[in-house]
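Those protein sequences? They're chains U, H, Z and V, same order as listed.
Its first residue numbered 1, the first sequence is counted upward by one per residue in full-length UniProt numbering.
Its first residue numbered 1, the second sequence is counted upward by one per residue in full-length UniProt numbering.
Its first residue numbered 1, the third sequence is counted upward by one per residue in full-length UniProt numbering.
Its first residue numbered 1, the fourth sequence is counted upward by one per residue in full-length UniProt numbering.
Where a beta carbon is used, it is the ideal one built from N, C-alpha and C, also for glycine.
If you're wondering where the values come from, they're calculated on a predicted model, not measured in any experiment.
4 protein chains.
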Amino acid sequence: MPKQPDPARRSERSRQAILDATRELVSEVGYAKVSIEAIAARAGVGKQTIYRWWRSKGAVVFDSFLALSDAGEGDLALPDTGDIEADLKAVMRATVAEFADPAFSAPIRALNMEIIGDPGLAAQYLEKLAGPLDEAKKARLRSAQQAGQIAPDADLDLALELLYAPLYQRWLLRSGPLTPEYADALVDLTLKALRPSARP
Amino acid sequence: MPKQPDPARRSERSRQAILDATRELVSEVGYAKVSIEAIAARAGVGKQTIYRWWRSKGAVVFDSFLALSDAGEGDLALPDTGDIEADLKAVMRATVAEFADPAFSAPIRALNMEIIGDPGLAAQYLEKLAGPLDEAKKARLRSAQQAGQIAPDADLDLALELLYAPLYQRWLLRSGPLTPEYADALVDLTLKALRPSARP
Amino acid sequence: MPKQPDPARRSERSRQAILDATRELVSEVGYAKVSIEAIAARAGVGKQTIYRWWRSKGAVVFDSFLALSDAGEGDLALPDTGDIEADLKAVMRATVAEFADPAFSAPIRALNMEIIGDPGLAAQYLEKLAGPLDEAKKARLRSAQQAGQIAPDADLDLALELLYAPLYQRWLLRSGPLTPEYADALVDLTLKALRPSARP
Amino acid sequence: MPKQPDPARRSERSRQAILDATRELVSEVGYAKVSIEAIAARAGVGKQTIYRWWRSKGAVVFDSFLALSDAGEGDLALPDTGDIEADLKAVMRATVAEFADPAFSAPIRALNMEIIGDPGLAAQYLEKLAGPLDEAKKARLRSAQQAGQIAPDADLDLALELLYAPLYQRWLLRSGPLTPEYADALVDLTLKALRPSARP
DNA sequence: GAGTAACCGAGACGGTACGTCATGTCTTTGA
DNA sequence: TCAAAGACATGACGTACCGTCTCGGTTACTC
Numbered sequence: 001m002p003k004q005p006d007p008a009r010r011s012e013r014s015r016q017a018i019l020d021a022t023r024e025l026v027s028e029v030g031y032a033k034v035s036i037e038a039i040a041a042r043a044g045v046g047k048q049t050i051y052r053w054w055r056s057k058g059a060v061v062f063d064s065f066l067a068l069s070d071a072g073e074g075d076l077a078l079p080d081t082g083d084i085e086a087d088l089k090a091v092m093r094a095t096v097a098e099f100a101d102p103a104f105s106a107p108i109r110a111l112n113m114e115i116i117g118d119p120g121l122a123a124q125y126l127e128k129l130a131g132p133l134d135e136a137k138k139a140r141l142r143s144a145q146q147a148g149q150i151a152p153d154a155d156l157d158l159a160l161e162l163l164y165a166p167l168y169q170r171w172l173l174r175s176g177p178l179t180p181e182y183a184d185a186l187v188d189l190t191l192k193a194l195r196p197s198a199r200p
Numbered sequence: 001m002p003k004q005p006d007p008a009r010r011s012e013r014s015r016q017a018i019l020d021a022t023r024e025l026v027s028e029v030g031y032a033k034v035s036i037e038a039i040a041a042r043a044g045v046g047k048q049t050i051y052r053w054w055r056s057k058g059a060v061v062f063d064s065f066l067a068l069s070d071a072g073e074g075d076l077a078l079p080d081t082g083d084i085e086a087d088l089k090a091v092m093r094a095t096v097a098e099f100a101d102p103a104f105s106a107p108i109r110a111l112n113m114e115i116i117g118d119p120g121l122a123a124q125y126l127e128k129l130a131g132p133l134d135e136a137k138k139a140r141l142r143s144a145q146q147a148g149q150i151a152p153d154a155d156l157d158l159a160l161e162l163l164y165a166p167l168y169q170r171w172l173l174r175s176g177p178l179t180p181e182y183a184d185a186l187v188d189l190t191l192k193a194l195r196p197s198a199r200p
Numbered sequence: 001m002p003k004q005p006d007p008a009r010r011s012e013r014s015r016q017a018i019l020d021a022t023r024e025l026v027s028e029v030g031y032a033k034v035s036i037e038a039i040a041a042r043a044g045v046g047k048q049t050i051y052r053w054w055r056s057k058g059a060v061v062f063d064s065f066l067a068l069s070d071a072g073e074g075d076l077a078l079p080d081t082g083d084i085e086a087d088l089k090a091v092m093r094a095t096v097a098e099f100a101d102p103a104f105s106a107p108i109r110a111l112n113m114e115i116i117g118d119p120g121l122a123a124q125y126l127e128k129l130a131g132p133l134d135e136a137k138k139a140r141l142r143s144a145q146q147a148g149q150i151a152p153d154a155d156l157d158l159a160l161e162l163l164y165a166p167l168y169q170r171w172l173l174r175s176g177p178l179t180p181e182y183a184d185a186l187v188d189l190t191l192k193a194l195r196p197s198a199r200p
Numbered sequence: 001m002p003k004q005p006d007p008a009r010r011s012e013r014s015r016q017a018i019l020d021a022t023r024e025l026v027s028e029v030g031y032a033k034v035s036i037e038a039i040a041a042r043a044g045v046g047k048q049t050i051y052r053w054w055r056s057k058g059a060v061v062f063d064s065f066l067a068l069s070d071a072g073e074g075d076l077a078l079p080d081t082g083d084i085e086a087d088l089k090a091v092m093r094a095t096v097a098e099f100a101d102p103a104f105s106a107p108i109r110a111l112n113m114e115i116i117g118d119p120g121l122a123a124q125y126l127e128k129l130a131g132p133l134d135e136a137k138k139a140r141l142r143s144a145q146q147a148g149q150i151a152p153d154a155d156l157d158l159a160l161e162l163l164y165a166p167l168y169q170r171w172l173l174r175s176g177p178l179t180p181e182y183a184d185a186l187v188d189l190t191l192k193a194l195r196p197s198a199r200p
């Protein structure tokens, strides 16, 4: 029987050191060039301690990002000035700006590559990271729906995809420039699609 | 001077064998588990012959896909029955069906992972693979535009992203089910966004 | 600090397997055609395990011979019948016979080539292999010296070289036939050189 | 039929360039690290040109030394002052001095390693290089023999070995210091062995 | 408190693949 | 037709990591 490790005895000190070392290394040399060996060395930890608690390099990297976002949790709520167009444009422009910063962008890219190749991580990602964010965005859309700015029968999941997927795709595949104007155009077009039908 | 190999002397036989072996292996064991060593062995080729002509595993994999699409080039034109909605739904449903087939899907996924991590490949991808396809799709949209089904001032690049990016994102991140109904909903919503303004 | 391996943790099992495999391979295909890769494969060992503990193929081969002679240590003493001439002729004839046997001769030749090219191995060779044998031979000469058969002021190191170097050279460079008669002639001549001065 | 190259058409220019490049490389990086590839590159010659005319790296190296000695042939005769002891000591001390010079010593060592491993080269060596030198030395011994300084029935081949083999062995195996005193002692001892029997 | 079970750092192990180098053969091009 | 140039299949090199295992040495839970 392949004995299971006992989480109660887990060394928090080592866990943190591993997660920190992982984040540092991913930033320094890029995801592909990070090795478990290097993480262990940097963290001052035995390799077995990593293998005991994580199934793969991807899982460690993922957790290291998860820990990061856990820390900064709190208010995910989007601004709500009552003007859905203005609010969305502000948020989208902010996203564009974030993606433009390599310090932020590079690790996210690594994370995405990992997720693409591993359905298990994808599920975790959706649940732990993307899910809450999407929920916050949908909340803002719902608010606009109640205010009559968006069609009452609109599928908000789909709406979200319409809004974000083009941005995500451009960034991930580097298929076009990410500018504030692009963000605005995306919001305009999406809102047009979501606009309530004209009343007769 | 780091002597360059002379393309004139390149062995076409070896080139084909490498490309074929690569495609087979990616299909069989998945991108991550393909090694240059295995490609060389399968192709009956020296490793050096691969290193001489490609800079990385990614480059070989990419070229192997490129060669595939080069072969099947020709008619990229989308159907044009005059009904843009019906035509797009047919195309989108076909895309959904393709993505559902692992034999087709897995290698494309591998290719995408490669592209995400390598800007050079991304550029090649856009130019050689995605570009021509996008051009064909835009041609159909342009036709609809001339027929008055789409706003004359619509940005067709953006339109294309609105249409395809959500589908691509769902598939790549496995963030939701890909169904014919989803395809239809995407077309409906996108066309709503592109609809010409009402005439007074 | 180029981390040193810890000898305490060394696997005796692997060490023996490597030494055995090396000896077999050198016998089978000859020194020049033995590769570290082949030794590792034959010994069922990772290449790194060889590189961890030895600096070169030569060092492994050397150690494999050393281990052999360590095992068969014990009585290195030469026969001492009181007749130095007869005793030396017996020993030299035996040496000639050994050199005639390829099974014995080939590995020694390989070992010698290795030693010639590597001062470090040469030093080890002198200390671990040649040294003890030479000491035994000198002991016999000393005994003859005390018996008055050899000049009391003779340099025994030099005497040993006079006796063995010609034989070694003929064998190593294949510069002449190695016969029992040759051995005898060598002993005769050397003893003549070492003979005590006539008393008046 | 594996076509034979036609020596008549051989390019003397290439031959010389190869031999020169070989000698340079052996001096610079040592025999073991010289590659046919490097020789060809240095000589500005195709690899095939080397393979066409030589069977192995050893053969090229050997020929490069042979060519050297061919050039400097001429007077191999040893000094003959009538005093065999003084003459031999002078010659042996000169040999000791030569062996002490790495510029001279290293290539000879490489040559010897090559000869040891290849009986074919050994034969060539004896015939072309060692033979003539030994003949010259034997001539001097014969002269001493006629002068009554050496026993008339002495085997001069054996005498030569007694004189040179110890020196050669010490040098090749680095088994002891090579000093002028050592050379003298060797001559003394050898001459004692060769001395004519006392007259009654 | 003593025992004992688990984690922990460390790192050797059997392996796989890397990317480089040299081998010896073969083909193309120019003299 | 030979030589230069160099691509080719082959295979070893020495290195980097993989994931497993074993070693002492702490913890921290049980009796």
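| Asked | Found |
| --- | --- |
| With a 10 Å radius around its C-beta and 16 neighbouring C-beta atoms as the bar for buried, classify Tyr164 of chain U as buried or exposed. | buried |
| If we require 3 or more residues per run, which beta strand (DSSP E) segments fall completely within the stretch 135-181 of chain Z? | none |
| Please state whether DSSP places Pro200 of chain V in a helix, a strand or coil. | Any reading at Pro200 of chain V needs caution, since the residue's pLDDT is 48, under 50, leaving its predicted position unreliable; the model's value is listed next. Coil at Pro200 of chain V, not helix or strand. |
| Straight-line CA distance for Ile36 of chain V to Ala183 of chain Z? | 41 angstroms |
| When you compare the stretch 168-185 of chain V with the stretch 86-94 of chain V, are there three or more beta-carbon pairs, one atom per stretch, that lie closer than 8 angstroms? | yes |
| Give every residue of the same chain whose Cβ lies closer than 6 angstroms to the Cβ of Ala193 of chain U, excluding the five residues on either side of it in the sequence, and list them in chain order. | none |
| Would a C-beta distance cut-off of 7 angstroms place residue 209 of chain U and Ser105 of chain H closer than the cut-off? | Nothing about residue 209 of chain U can be reported from this structure: the residues present for chain U run from 1 to 200 only. |
| Within the 7 angstroms Cβ cut-off, does Arg174 of chain V reach chain Z? | yes |
| Excluding the 5 residues flanking Leu78 of chain H on each side, which residues of the same chain have their C-beta closer than 8 angstroms to its C-beta? | Asp87, Val91, Ala136, Lys137, Ala139, Arg140 |
| Just verifying my parser: in three-state terms, what is the DSSP assignment at Asp80 of chain H? | coil |
| Apart from the five residues just before and just after Asp134 of chain V, which ones in its own chain have a Cβ nearer than 7 angstroms to its Cβ? | Leu160 |
| For Gln169 of chain U, go through chain H and note every residue whose CB falls closer than 7 angstroms to its CB, in chain order. | Glu161, Ala165, Tyr168, Gln169 |
| Under 7 angstroms between C-beta atoms, does Leu19 of chain U make it to chain H? | no |
| So, helix, strand or coil for Val34 of chain V, using DSSP? | coil |
| Does DSSP put Pro2 of chain V in a helix, in a strand, or in coil? | Only weak support exists for where Pro2 of chain V lies, its pLDDT of 44 falling under 50; the coordinates are left without a value. |
| Could you check if Leu121 of chain U belongs to the surroundings of the ligand ADP, using beta carbon to heavy atom distance under 6 angstroms? | With respect to the ligand ADP, the structure shown offers nothing to examine, as it has no ligands at all. |
| What residues from chain H crowd round Thr95 of chain U, counting only those whose CB sits closer than 8 angstroms? | Simply none; closest approach about 14 angstroms. |
| Just mark Pro152 of chain U as buried or exposed, buried being the case when its beta carbon has 16 or more other beta carbons within 10 Å. | exposed |
| Would you please verify whether the beta carbon of Met92 of chain V is less than 7 angstroms from any beta carbon of chain Z? | no |
| Taking 7 angstroms as the cut-off, decide whether the C-beta atoms of Ser64 of chain H and Arg23 of chain H are in contact. | yes |
| Would you give the residue range spanned by the alpha helix (DSSP H) that Ser14 of chain U belongs to? | 12-29 |
| For Pro196 of chain Z, collect the residues of the same chain with a Cβ closer than 6 angstroms to its Cβ; drop the 5 residues on either side in sequence, then sort them by chain order. | Ala151 |
| If you draw a straight line from the C-alpha of Gln145 of chain U to the C-alpha of Val187 of chain U, how long is it? | 15 angstroms |
| Within 7 angstroms of any Cβ in chain Z, is that where the Cβ of Ala106 of chain V sits? | no |
| Between Pro132 of chain Z and chain V, is the shortest Cβ-Cβ distance under 7 angstroms, so that the two count as touching? | no |
| Comparing C-alpha positions only, which one of H:Thr49, H:Arg142, H:Asp6 sits nearest to Asp155 of chain H? | H:Arg142 |
| Pick from V:Gly44, V:Arg52, V:Ala110: whose alpha carbon is nearest that of Glu28 of chain V? | V:Ala110 |
| Report buried or exposed for Gly58 of chain V, applying the criterion of at least 16 other Cβ atoms within 10 angstroms of its Cβ. | buried |
| Quick one: what does DSSP say Asp101 of chain Z is sitting in, helix, strand or coil? | coil |
| Residues of chain U with CB closer than 8 angstroms to the CB of Ile116 of chain H, please, in chain order. | Arg109, Asn112, Met113, Ile116, Leu172, Leu173 |
| Tell me which same chain residues have a C-beta within less than 6 angstroms of the C-beta of Ile84 of chain H, skipping the five on either side of it? | Ala144, Gln149 |
| Alpha carbons only, please: which of H:Lys128, H:Leu191, H:Arg170, H:Leu173 is nearest the one belonging to Leu158 of chain H? | H:Leu191 |
| List the endpoints of the continuous alpha helix (DSSP H) containing Ala123 of chain U. | 119-124 |
| At 4 residues or longer, what runs of the alpha helix (DSSP H) sit wholly inside the UniProt DNA-binding region "H-T-H motif" (35-54) of chain Z? | 36-43, 47-53 |
| Can you pull the chain H neighbours of Ala185 of chain U, defined as C-beta to C-beta under 8 angstroms? | Asp155, Leu158 |
| Rounded to whole angstroms, what is the Cα-Cα separation between Leu76 of chain U and Thr179 of chain H? | 31 angstroms |
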